[in-house]
Amino acid sequence: MEVVPDRRAVLRAGLAVLGGAATGTGLLAGCSSDGSPAPSPSGPGGPGGPAPSVLSPSPSLDPAQSWDALAARLAGPLVKPGDADYDTARALFDPAFDTVRPQGVAYATSQQDVATAIQFARAAGVGLAARCGGHSYGGYSTTEGLIVDVTRMNQVSVDGNGIATVGAGARLIKVYTDLAGAGRAIPAGSCPTVGISGLALGGGLGVLSRLHGLTCDRMTGADVVLASGETVRVDENHDADLFWALRGGGGGNLGIVTVFRFATHTARSLTLFSLRWPWTVAQEVLAAWQDWVTGRLGAMPDELWSTLVAGSVPGGSTPTLRISGVFAGARAGLSGPLADLRAAVHSASPASTSITEHDHLAAMRIEGGCSASGGECGSTAGIRAGARRPGQRAASSILLTPLGSAGNEALVRMIEERQRDPLATAGGGIILDAWGGAIGRVGPAETAFVHRDAIASVQYFGGYPAGAPAEVIEANSRWLRDLVAAAAPHVSKQAYQNYIDPELADWAAAYYGTNLPRLRTTKTHYDPDNLFRFAQSIPLA
Ligand SMILES: Cc1cc2nc3c(=O)[nH]c(=O)nc-3n(C[C@H](O)[C@H](O)[C@H](O)COP(=O)(O)OP(=O)(O)OC[C@H]3O[C@@H](n4cnc5c(N)ncnc54)[C@H](O)[C@@H]3O)c2cc1C
């Protein structure tokens, strides 16, 4: 039986393991505009509407700001340069951001702490960044100023109506574990250490998204501390424009969320599958997968989600190729669709096939690269700035139509080029994730997440090993740029905001499309001084 690893394991290792025993499923990874005009931003509770529903007034701080005064006012700890745990406190998931040295990391334990930190940053004139799981590809959850880390606010509970209250600092493994304890779940990403905040605010694609929607589609409300220091409770009827913007408008733009509320679904058993083909049929498999997920080979049930991973294998003879995924039901329901897929690849049968059934939590743990039965799963306690760990570059495109044979050929050629490159000492390639189903049944303007016509996303990734020399890191970045350029004629101009890409030129249009004007108006209303800003934050109107 094959081990079925997760997207996180693959991303983290830059696919270094793809050619080995591990095979892996779930590298998830966008929304498209229908060209319709953005709705009027003057609806109830929005810009131009009534004042925000204030839960708590803004705290007043002594204008003579000092870091010691801030520490004294916070209930949670403030870690500063020179403190023993400073390098752990400032580390993000990606070592590329170890060079950033914040003046303080505030571990907020309450809305009041968040408000105090925001007020401090405003009064002291220092940069401000919210941080949850620390997985931002652009490093936008760190700053040379003050990081507001929300991970200590991570409580998860479910009420009798199946509405989950999730502390904004919960990592996905805690969300899955705690909800499964109540027999419930939400659709979310695979990686156990990704934070609910970044994921949900930018969309949130998971193995059950074709069936149950994006994470943001399940959001029914949130508590948000605004740039003013005030806290508002938002939902469909209160600060409706802000609530709209939080569902896909991207993390870090509008305020700091302290609590989310989500509509859960039943945590059902899941069937995991993984098939590998020889690299010689890579173009055929790429074409077959795109026909398969778009229903051209036969019915594609919402219950079936899949991913195609193709990547170079350092030290191997050929790149590797795999289709894997999750079926929300018993394995019998998978046999017809899998037969369609196999039959569409005429030149070769899969070299290996694995199909296994698991209870919900065990399946999600396996998807996260963890032991099915329990134990530690993706702890981040060990991450320390400066410690040797693998790094990677990533980018994304949204597919509105299949790549076509020229597109398939271009991607295969670039992966083969990497396979031959002696400087490519970790894997690099593409991850195609299936979209559609419930994701596409929400209109592009109903939430800030615009990419609703997507059939799939392509994630481009290239890794480098821990401690890699500068020339290897530069070669990796160069190859990734060439890969993105080779794909460009065959993909849409949209990109997934959760795969935020500091090198993307027309990023605001790519992430937000026709929703950009309403997002800018909402941003201006709630953060008129642009306190929450970073290189790719939503611009003021
Ligand atoms: C290994 C890996 C696997 C991934 N797998 C998936 C996947 O399966 N599906 C998917 O859709 N995406 C996936 N992603 C992308 C992921 O959704 C984004 O990187 C997301 O932004 C990470 O959220 P975070 O809280 O971990 O990151 P952070 O870096 O902490 O935050 C991301 C952004 O959100 C802001 N933010 C954080 N907390 C708050 C808050 N409380 N209020 C307001 N803003 C806040 C930050 O300032 C930053 O701008 C993956 C990324 C990685 C690195």
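One point on numbering: in my numbering, the residue at position 394 of the sequence shown is 439, and numbering is uninterrupted.
Don't be surprised by glycine CBs; every beta carbon is placed ideally from N, CA and C.
In the three-state reduction of the DSSP assignment, H391 falls in the coil class, being assigned neither a helical nor a strand state.
In this chain, V326 is not harboured by any alpha helix (DSSP H), its DSSP state being neither H nor E. Straight through space, the alpha carbons of R387 and T339 are spaced by roughly 15 Å. V211 sits in a strand when the DSSP states are folded into three classes. Taking 7 Å as the cut-off, the C-beta of G423 does not count as close to any heavy atom of ligand 1. Counting only runs that start and end inside the stretch 265-315, the alpha helix (DSSP H) elements of at least 4 residues fall at 285-291. Here I545 is not near Q504, since their CB atoms are 8 Å or more apart. If you look at G512, you'll find it isn't in any beta strand (DSSP E); DSSP assigns it neither H nor E. Pairing L315 with I484 gives a Cβ-Cβ distance that is not under 8 Å.
Of the residues assessed, E348 falls on the buried side of the cut-off, its CB having 16 or more other CB atoms within 10 angstroms. E548 sits in coil when the DSSP states are folded into three classes, being neither helix nor strand. Here DSSP, grouped into helix, strand and coil, assigns A439 to strand. Ligand 1 never approaches G436 closely enough for any of its heavy atoms to be under 7 Å from the residue's Cβ. In this structure, G436 places its C-beta atom within 8 Å of the C-beta atom of D139.
Set against 7 Å, the gap from the CB of R135 to the closest heavy atom of ligand 1 is not smaller. Only residues of its own chain outside the window of five on either side were considered, and among them C76, G248, L259, C261, R292, G293 have a CB closer than 7 Å to the CB of F494, listed in chain order. For ligand 1, no non-hydrogen atom lies closer than 7 Å to the CB of I475. V145 and E189 have their alpha carbons spaced roughly 6 Å apart. If you look at H405, you'll find it in the alpha helix (DSSP H) that goes 405-412.
Its chain contains N199, V201, I241 as the residues whose beta carbon lies nearer than 7 Å to that of A215, once the 5 sequence neighbours on both sides are disregarded; these appear in chain order. Between V193 and A153 a beta carbon distance of about 6 Å is seen, short of the 8 Å cut, so the two are scored as contacting.
T311 counts as exposed, since fewer than 16 other C-beta atoms from the protein chains shown sit within 10 angstroms of its C-beta.
Between the alpha carbons of Q328 and V457 lies a distance of about 7 Å. Relative to ligand 1, the beta carbon of G212 is positioned no closer than 7 Å to any heavy atom. Straight-line measurement puts the Cα of V252 at about 12 Å from the Cα of G482. The secondary-structure analysis by DSSP pairs V150 across a beta bridge with V124, I192.
When the beta-carbon positions are compared, L353 and W324 stay at least 8 Å from each other.
In the three-state scheme derived from DSSP, where H, G and I count as helix and E and B as strand, F577 is classed as coil. Taking 7 Å as the cut-off, one finds at least one heavy atom of ligand 1 near enough to the beta carbon of N543.
Contact between P237 and C422 is confirmed by a C-beta separation of about 5 Å, below the 8 Å threshold. Cα atoms of G473 and S357: separation of roughly 5 Å, rounded to the nearest angstrom.
When A162, N282, T210 are compared, the shortest CA-CA separation from L271 is found for A162.
Taking 8 Å as the cut-off, the beta carbon of L445 is found no closer than this to the beta carbon of A225. For L244, the CB falls within less than 7 Å of some heavy atom of ligand 1. Excluding sequence positions up to five before and after E461, its CB lies less than 6 Å from no other CB in the same chain.
In this structure, G228 is the residue among D113, V220, G228, R465 with its C-alpha nearest to the C-alpha of D404.
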